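Structure, as structure tokens:
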Amino acid sequence: MQIVIFGPPGVGKGTVSDALSAKYKIPHISTGDIFRAEIKSGNSELIQYVEKGLLVPDSVVNKVIEKGLRQEAYKSGFILDGYPRTIDQAVFLENALWKLNKKIDLVINLAASDEQIIGRITQRRTCGKCGALYNLVTIKPKKKDACDKCNGPLVQRKDDEPETAGKRIDVYKEETSPLVEYYRKKKLLVDVDASKKPKEVYNSALKVINELVKKDEKQTPAQQ
Ligand code: AMP
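Its first residue numbered 493, the sequence shown is counted upward by one per residue in my numbering.
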């Protein structure tokens with residue numbers, strides 16, 4: 493099962509992807525997490541894009557994905573979060589998967605209003621040690637500044653500060669949102685209302701995936 497969790501910054505892609513990854517025991521690939529880890533380990537080239545809310549060039553992102561998809565861990569499927577973000581990336585992904593005899597099974601489009609996503613971005617905190625995600629309103633940590641899981645420090649991402657968050661939403665509208673129609677035309681896209689509480693959003697995503705699994709199970713015997 494290859495699933496793309498799609499949507500604007502701050503809509504909750506990471507939270508839903510984490511939960512689905514735990515449920516289906518398939519890896520969660522977040523290009524944002526990969527780039528933040530690269531920056532942390534000294535790749536200063538990426539700072540000019542990531543910390544300013546701009547997209548990393550397609551050629552760089554695609555290379556990371558191509559290398560990643562070949563890994564053994566992704567053999568029985570994965571959940572992509574934050575990729576693709578441009579039509580070029582989507583075309584690249586299709587070709588890369590085709591070479592591996594795979595395809596995208598489903599694109600879940602998480603939708604919420606600009607006000608909601610700005611609110612969520614500014615309330616988001618991430619554990620500086622294990623990367624766990626929190627929201628000071630909807631997914632409150634037990635202690636305000638420490639991770640429930642590893643007691644690491646909770647930090648605000650630099651690109652979650654209000655000015656950069658606004659830029660990221662503009663970039664999403666301009667460069668990424670055309671993918672909604674792209675995947676809708678391919679009949680791969682299902683909308684999920686992400687304005688609800690995290691648990692409800694997760695349950696809606698789960699329902700969509702289960703329906704797809706049932707449909708596949710029905711089709712498989714007839715096709716044999
Ligand atoms: P995210 O954690 O998904 O919000 O990504 C954080 C930042 O990483 C983005 O604002 C971009 O600078 C960069 N990034 C992540 N994924 C991509 C992608 N698929 N294409 C280009 N840039 C990306």
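Cβ atoms here follow ideal geometry from the backbone N, Cα and C, with glycine treated the same way.
Quick caveat, the model's predicted, so the values are computed rather than measured.
Collapsing the DSSP output to three states places Ser533 in coil. In the structure shown, Ser509 adopts helical secondary structure according to DSSP, grouped into three states. Of the candidates Lys634, Glu667 and Lys567, Lys567 places its Cα closest to the Cα of Leu592. By the neighbour-count definition (other C-beta atoms within 10 Å, threshold 16), Lys505 is a buried residue. When distances are taken from the beta-carbon of Leu512 to the heavy atoms of the ligand AMP, even the shortest one reaches 6 Å or more.
Inter-residue distance for Lys594 and His520 is about 17 Å (C-alpha atoms, whole angstroms).
Excluding the 5 residues flanking it on each side, Ala624 has same chain C-beta neighbours closer than 6 Å at Cys639 and Lys641, in chain order. According to the DSSP assignment, Ala604 belongs to no beta strand (DSSP E), since it is labelled neither H nor E.
Asp651 counts as buried, since no fewer than 16 other beta carbons sit within 10 angstroms of its beta carbon. Distance between Ala582 and Leu546, taken at the CA atoms: about 18 Å. Lys621 and Gly644 do touch by the CB rule: their CB atoms are close to 3 Å apart, below 8 Å. Arg577 has its CB nearer than 6 Å to a heavy atom of the ligand AMP. At a cut-off of 6 Å, the beta-carbon of Gly499 does not count as near the ligand AMP: no heavy atom of the ligand is closer than that. Rounded to the nearest angstrom, the Cβ distance from Gln648 to Arg617 is 6 Å, consistent with a contact under 8 Å.
With at least 16 other beta carbons inside 10 angstroms of its own, Ile701 counts as buried. Counting along the chain, no beta strand (DSSP E) covers Tyr664, and no H or E run does either. Separation of Ser696 and Ser522 (C-alpha to C-alpha, rounded to the nearest whole angstrom) is 21 Å. When C-alpha distances from Tyr675 are compared across Ala604, Ile579 and Trp590, the shortest belongs to Ile579. Lys532 and Tyr626 have their C-alpha atoms some 20 Å from each other. Contact between Glu564 and Ala588 does not hold, since their C-beta atoms are separated by about 16 Å, which reaches or exceeds 8 Å. Glu703 has its alpha-carbon roughly 11 Å from the corresponding atom of Val682.
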